[in-house]
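Peer 1: First residue of the sequence shown: 5, per my numbering; consecutive thereafter. Note that the Cβ used here is the ideal one computed from N, Cα and C, for glycine as well. One structure is given below, represented as structure tokens, and several questions about it will come after.
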Amino acid sequence: MTVSASFAAYVDKSGTCRRAHPITNPFPGVLEPVRQALLETEFTPAKAFGQPAAVWVDVSADFRGEVKEGRMAQLVVTLPDPGETPEPEAVPLPPGDPRDAQLPSTALDQLSAMPVPKRFSAKVPGQEFRQPVKLLAEVGTDGKVKRVVFLACPEGLRSWVLASSASWLFTPAQAKGAPTSAWVVLSGVLEVSAGTLRAETTLAVANGLYLLLLLLGGIVWPVERLPGPLGLVGLLLPSNALAEALRLSLGPQPVAPLPQLFALLLWCAGVLVVASRTFRWE
Numbered sequence: 005m006t007v008s009a010s011f012a013a014y015v016d017k018s019g020t021c022r023r024a025h026p027i028t029n030p031f032p033g034v035l036e037p038v039r040q041a042l043l044e045t046e047f048t049p050a051k052a053f054g055q056p057a058a059v060w061v062d063v064s065a066d067f068r069g070e071v072k073e074g075r076m077a078q079l080v081v082t083l084p085d086p087g088e089t090p091e092p093e094a095v096p097l098p099p100g101d102p103r104d105a106q107l108p109s110t111a112l113d114q115l116s117a118m119p120v121p122k123r124f125s126a127k128v129p130g131q132e133f134r135q136p137v138k139l140l141a142e143v144g145t146d147g148k149v150k151r152v153v154f155l156a157c158p159e160g161l162r163s164w165v166l167a168s169s170a171s172w173l174f175t176p177a178q179a180k181g182a183p184t185s186a187w188v189v190l191s192g193v194l195e196v197s198a199g200t201l202r203a204e205t206t207l208a209v210a211n212g213l214y215l216l217l218l219l220l221g222g223i224v225w226p227v228e229r230l231p232g233p234l235g236l237v238g239l240l241l242p243s244n245a246l247a248e249a250l251r252l253s254l255g256p257q258p259v260a261p262l263p264q265l266f267a268l269l270l271w272c273a274g275v276l277v278v279a280s281r282t283f284r285w286e
């Protein structure tokens, strides 16, 4: 399960986060730990006309965890009012401080550089909670849920509810003695036991690996210029084989890059073997 929490953060000229107000609420218990982590995070300050600037920015943090156990309790099925279109309910958020509107801030279109967190680390401890939810669902002639419209449900729980609804089975509606599809309103209480949520670092790791392959793989500069052992490492990287294959096949006198293609096939086979042994369904 991956959830996202968004905040309006005020970062001053020194790169200190002074305020953090939630914009989205993925589910209960997430906002306060993330807000505290943001207030403790150092930023590279924004710049306007070459000078540090204070600014309000949107900050989003993705967290990964799991729903250890969950069930829908007290489920009530009702028919929607044909004269009234069901509207999604707004997720309640903590009220902001009106005085924060007086904080000096630079307009985003005047910035030459946005504030960047130097290092962000946050953890939301596991918890158990009960959350009222309300859905508009289409039940087919086979009694299975075909489509779902969320009327009241935290963003972070929607993927779990959607996956769970695929296993629900209802007695289908009847019209002229035959089963028929029908839209119904489902109201209930979701009882959840959620594990610890940790901030995602996948993007940073992926970017670091990408830069490493560029620098050592013969793309930024030739492998022959790399010092000592780094040259040998560069020769073995898949990015070097790919770069060399492109040079040979697209050069003035194209040559079939068979050794490089063979090396790339070996890398593909090796990665598939590692993935098959280490991948686990959540």
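(1) So, at 8 Å on beta carbons, what are the nonlocal neighbours of Pro37 in its own chain, with the 5 sequence-adjacent residues on each side left out?
(2) Would you be able to state if there are at least three C-beta pairs under 8 Å between the region 238-251 and the region 217-224?
(3) List, from N- to C-terminal side, the beta strand (DSSP E) runs of 3 residues or more that fit wholly inside the region 32-113.
(4) Is the distance from the Cβ of Leu43 to the Cβ of Val63 below 9 Å?
(5) The alpha helix (DSSP H) that contains Thr282, what's its start and end?
(6) So, are the CB atoms of Phe47 and Thr6 less than 9 Å apart?
(7) Nearest to Met118 by CA position, among Gln55, Val137 and Pro102, is which residue?
(8) May I ask you to list the residues that DSSP assigns as paired with Pro183?
(9) Which class does Ala141 belong to by DSSP, given the choice of helix, strand or coil?
(10) Does DSSP put Val259 in a helix, in a strand, or in coil?
(11) So the candidates are Met76, Ser163, Ser116 and Leu83; which of them puts its Cα closest to the Cα of Phe133?
(12) Would you please state the rounded distance, in angstroms, between the beta carbons of Val165 and Leu140? I believe it to be under 8 Å.
(13) Would you report the Cα separation of Val278 and Cys272, rounded to the nearest angstrom?
(14) Can you tell me which of the three DSSP states Leu252 falls into?
(15) Specify, as a first and last residue, the run of the beta strand (DSSP E) that Arg123 falls within.
(16) When the distance is taken between beta carbons, is Val189 closer than 9 Å to Thr82?
(17) In terms of residue numbering, what span does the beta strand (DSSP E) encompassing Ala12 cover?
(18) Count the other CB atoms, across all protein chains shown, that sit within 10 Å of the CB of Tyr214; report buried if there are 16 or more and exposed otherwise.
(19) Check whether the Cβ of Ser8 lies closer than 8 Å to any heavy atom of the ligand NAD, and answer yes or no.
(20) Specify, as a first and last residue, the run of the alpha helix (DSSP H) that Arg162 falls within.
(21) Taking the C-alpha atoms as reference points, what is the distance between Pro49 and Val15?
(22) Report the residue from Ala57, Ala65, Thr175 and Gln78 whose alpha carbon sits nearest the alpha carbon of Gln135.
(23) Is it true that the CB of Lys138 sits closer than 9 Å to the CB of Phe154?
(24) Taking C-beta to C-beta, are Asp170 and Lys148 nearer than 9 Å?
(25) Thr145 and Pro176 look like a contact to me (Cβ under 8 Å); what is the Cβ gap, rounded to whole Å?
(26) So, Pro26 versus Ser10, is the Cβ gap smaller than 9 Å?
(27) Relative to the alpha-carbon of Trp172, which residue among Thr184, Pro158 and Glu142 has its alpha-carbon at the smallest distance?
(28) First and last residue of the beta strand (DSSP E) that includes Pro26?
(29) Could you check how far apart the C-beta atoms of Pro30 and Glu159 are, in whole angstroms? I think they sit under 8 Å.
Peer 2: According to the data block:
(1) Ala126, Lys127, Val128 and Pro129
(2) yes
(3) 50-52, 55-57, 59-68 and 71-82
(4) no
(5) Leu262 to Thr282
(6) no
(7) Gln55
(8) Gln178
(9) strand
(10) coil
(11) Met76
(12) 12 Å between Cβ atoms; not a contact.
(13) 10 Å
(14) helix
(15) Counting along the chain, Arg123 falls outside any beta strand (DSSP E), and DSSP gives it neither H nor E.
(16) yes
(17) Thr6 to Val15
(18) exposed
(19) Ligands in the displayed structure: none, and consequently the ligand NAD is not present.
(20) Arg162 to Ser169
(21) 7 Å
(22) Gln78
(23) yes
(24) For the record, residue 170 in the displayed sequence is Ala; it is not Asp. Yes.
(25) 5 Å
(26) yes
(27) Glu142
(28) Cys21 to Pro26
(29) 5 Å
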